[in-house]
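Let me begin by presenting the structure, written as C-alpha cells, before commenting on it.
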Amino acid sequence: MPARRSHRCQDLDVHAVAAECDVRRLATGLAGRVSKTYEVLLLPSGWRFPVGPDTPVLRAAKAAGLRLPSSCRNGSCRACLCKMASGTVTYRIEWPGVASDEQADGWVLPCVAHAESDLVLLVPQAERLAPAEPAVRQQLTGARR
Numbered sequence: 041m042p043a044r045r046s047h048r049c050q051d052l053d054v055h056a057v058a059a060e061c062d063v064r065r066l067a068t069g070l071a072g073r074v075s076k077t078y079e080v081l082l083l084p085s086g087w088r089f090p091v092g093p094d095t096p097v098l099r100a101a102k103a104a105g106l107r108l109p110s111s112c113r114n115g116s117c118r119a120c121l122c123k124m125a126s127g128t129v130t131y132r133i134e135w136p137g138v139a140s141d142e143q144a145d146g147w148v149l150p151c152v153a154h155a156e157s158d159l160v161l162l163v164p165q166a167e168r169l170a171p172a173e174p175a176v177r178q179q180l181t182g183a184r185r
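Numbered by the working numbering, the letters in the sequence shown go through residues 41 to 185 in order.
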C-alpha cells in the first residue's frame with residue numbers, strides 16, 4: 041500500500057513539474073533564437089553579412105567589416121535611414137525615429153532594427169572598413185630624462 045502524501049508534498053510535486061516544463065520551454069525558445077541567423081544583402085554593392093535576431097543590423101554590418109551611414113545609434117538622428125527592398129525587421133525601442141507610414145513604405149533604421157528574416161537593403165553609401173594595421177612592437181632604447 042503506497043504511503044499517503046500530504047497536500048503540501050503534492051503541491052510541491054505539481055510546482056516542480058510546472059517549473060521543469062517552463063525551463064524546457066524557455067531553453068527550446070532560446071535555442072531557436074540563438075541558432076537562427078539571417079543574411080543581409082546590401083545593394084548596389086552586393087555585399088552580404090550575417091545578422092542574428094538579437095543584434096541590430098548596423099552592429100552586424102560593422103562586425104562584418106562594413107560601414108553604413110550612422111551617427112546616434114539609438115534611432116533618433118535618422119542618419120542611417122535606408123530603404124528595405126525585402127524582408128522584415130522589428131524595433132525593440134518604443135519610438136524609433138521612423139514614422140509608421142515610412143515603415144510601411146519600406147524605410148528602416150539599421151541602428152535599431154532587428155532582422156526577423158533575410159533582408160535586402162538599399163544603402164549606396166555603404167563602405168568596406170579598411171583592415172586594421174597590425175600593432176608594431178618597438179624596442180625602447182634608453183630612458184629619457
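Just so it is clear, CB atoms sit at the ideal spot from N, CA and C, and this is done for glycine as well.
Judged by DSSP in its simplified three-state form, L159 adopts strand. Selection R107, N114, L169 and E79 evaluated against E134 yields N114 as nearest (Cα-Cα). For L98, the uninterrupted alpha helix (DSSP H) segment begins and ends at V97 to A103.
Rounded to the nearest whole angstrom, the C-alpha separation of T128 and R99 is 17 Å.
The C-beta separation of K123 from G146 comes to about 5 Å, placing the pair in contact by the 8 Å criterion. Of V160, L161, S157 and L121, the smallest CA-CA separation from E142 is found for L121.
Only exposed fits P84, as fewer than 16 other CB atoms lie within 10 angstroms of its CB. Distance check between G137 and each of L159, F89 and V152 places V152 closest, using alpha-carbon atoms only. Here A144 is exposed: its Cβ has fewer than 16 other Cβ atoms, across all protein chains shown, within 10 Å. Under the 10 Å beta carbon count, P150 is surrounded by 16 or more other beta carbons and is classified as buried.
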